[in-house]
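Encoded as structure tokens, the structure appears first; notes follow it.
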Amino acid sequence: MDWLDKKGIQFWIYLAVAAFLVQIPILGLPLYWFATFYHELSHGIATLLTGGVVEKIQLFTDGSGYCFSIGGIHTIIAFSGYLGTPWFGAMIFKIAEPRNSAITKILAVIMLSIIAVTLLFYVSDLLTFAILMLIAICFLASLYIRSVRWIRHIYKLFGVSLILNGLLSSLSLFGYTHEGDAAHLANLTWLPGLFWVALWVANAAIALFWIYNTSKTR
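Residue numbers for the sequence shown follow our numbering, so the first one is -10 and each next one is one higher.
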């Protein structure tokens, strides 16, 4: 149907489907695993960029996870988890764009390289290994069979789900600013946890608006 190909229509469909899937325990759990990986990966990247050492990244069956690290600038590390996840989602969404195939391949290779390094140096349990292998297979598919239209739709759904997870996870922290990364940042900076939560919400909203505003559909 022609109306499905109009700019913005597909975006809202992806958003609605992602919002529906995350409410279903069995179907939504893989999306939580993926989002948790990119959340912890963001912590890990911030740790390395600020001079720290990442010991391992681990995901759990309930959708939670940890990035075990030593050193680095703790303020940047604590802030980076909710900051990075939506933008990883935006990158994945752009990988699925039908135009700019060279950029698509570059982004896919970057994602695969990050996963490969994580698997080699920072993963020691079977569950995390399996989840990362699944993500890697998805990116490999984009390099070799990207012309298949339904694969692009899955990619865009995956990307939107990461941004949506970042937004909803940040919004859920408004009543719990005394826990987790927000509380840690409040202790480190003397700025209230609510301040950091508001920044994370704004960040995810900007990422969501950006992919909507720049999306290209055939």
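Yeah, the Cβ is synthetic: ideal placement off N, Cα and C, and Gly gets one too.
- Boundaries of the beta strand (DSSP E) harbouring Leu48: 42 to 48, taken from the DSSP string.
- With the rule of 3 Cβ pairs closer than 8 Å, the segment 60 to 74 counts as touching the segment 17 to 33.
- Taking the Cα positions, Val106 is about 12 Å away from Ile34.
- When Leu146, Trp185, Val149 are compared, the shortest CA-CA separation from Ser161 is found for Trp185.
- When Cβ pairs closer than 8 Å are counted between the two stretches, the segment 1 to 17 is seen not to touch the segment 56 to 67, the count staying below three.
- Scanning its chain for C-beta atoms nearer than 7 Å, with the 5 sequence neighbours on each side dropped, one finds around Trp22 the residues Leu48, Gly52, Ile120, in chain order.
- By the Cβ-count criterion, Val190 is buried, with 16 or more other Cβ atoms from all chains shown falling within 10 Å of its own Cβ.
- The beta carbon of Ala187 lies closer than 6 Å to none in the same chain, with the five residues before and after it left out.
- Contact between Ala79 and Gly169 does not hold, since the beta-carbon distance rounds to 23 Å and is not under 8 Å.
- In the three-state reduction of the DSSP assignment, Ser53 falls in the coil class, being assigned neither a helical nor a strand state.
- The C-beta distance from Tyr201 to Phe0 rounds to 5 Å, short enough to fall under 8 Å.
- Straight-line spacing of the CA atoms in Leu38 and Thr64 works out to 13 Å.
- If you draw a straight line from the Cα of Ser204 to the Cα of Leu123, it is about 26 Å long.
- Here the C-alpha atom of Ser102 lies approximately 25 Å from the C-alpha atom of Leu153.
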